[in-house]
Structures are given as structure tokens and as C-alpha cells.
Amino acid sequence: MSQPYVYESRRPVRIIPTLPGKTIVVSGIQTKTIADSFTMQKIMEALHNADRDKNGSYNKDELKQALRDLGAYFPGWRAFRAFGKADANNDGQISGEEIDTLIEYLHSCGFGK
0 MSQPYVYESR
10 RPVRIIPTLP
20 GKTIVVSGIQ
30 TKTIADSFTM
40 QKIMEALHNA
50 DRDKNGSYNK
60 DELKQALRDL
70 GAYFPGWRAF
80 RAFGKADANN
90 DGQISGEEID
100 TLIEYLHSCG
110 FGK
């Protein structure tokens, strides 16, 4: 990775690194390992590189390109599924808090490893 991208959640987030278990506690609800944060960083980098118009929101073509870069076998179908999960207001764009949902969904599907 050339430069690190910071995951800026729209939700209130508190990150506390702990040394013994090497975990990061996010919002006191979820516990993610440091390895998970690296995979999320790969996902964010792919999304950032696929954002052609640099407006911070993603349409289906941009998401399809990001999924292709992440190694998806059927990026068109994966983009369709991701929009079904993340596009809450059905405007054809994933933006704002929907990006948090998108990143969590892609991570749960095993992308970024």
C-alpha cells in the first residue's frame, strides 16, 4: 500500500489498542483484531482508487471496479448484492453512513485478505 487511508466512520467511534491480545475495541460493541483493520484498509484503498470522480460516494460501476481490484470472481453480481445491503435510501449511490455498512459487508464476505 502506498499511503495509509484512515477509516473515518460517521458513527461515534472509540479506538483503544490493547497490547496483550492485540485487539482494537470499536465503539465498545465490536472487537476487531489488528489483522482485521489491515484487511479493512485494503478494502478502503480499493474503494478510494475506484472513486473516479473523487466525490466520496460510489455508484455501481465504481464499486464493480473496486471489487474487481479486490479479486471478486463475479464483480457485477457482488456489486448488485452490496448495493442491496448498503444503499439504504435507494438513490443509486453509496455515500455517508452507507459506506460504513459497505465496508463491513465486504469485510464479512472475505475481501481484503
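Everything in the sequence shown is counted per numbering that gives the first Met the number 0, starting at 0 for the first residue and increasing by one. We put the CB at the ideal spot given by N, CA and C, even for glycine. Predicted, not measured: the structure shown is a model, and the values here were computed from it.
Cβ-Cβ separation, residue j to residue i (assumed contact under 8 Å), whole Å
i     : j     : result
Asp68 : Ala49 : 7 Å
Same chain only: Cβ atoms within 8 Å of residue i, ignoring 5 sequence neighbours per side
i      : result
Tyr104 : Ala81, Lys84 and Ala85
Neighbour-count burial assignment, residue i, 16 or more Cβ in a 10 Å radius
i      : result
Phe37  : exposed
Gly111 : buried
Glu61  : buried
Asn54  : exposed
Cβ neighbours of residue i in the same chain (closer than 7 Å, five flanking residues each side left out)
i      : result
Leu101 : Ala81, Ala85 and Ile93
Ala87  : Glu97
Pro19  : Per-residue confidence for Pro19 stands at a pLDDT of 49, beneath the threshold of 50, marking its modelled position as unreliable; the derived number appears in the next sentence. Cβ neighbours of Pro19 beyond the five flanking positions: none.
Gln64  : Ala49
Gly75  : Lys63
Sequence-distant residues of the same chain with beta carbon closer than 6 Å to residue i, five excluded per side
i     : result
Ala71 : Arg77
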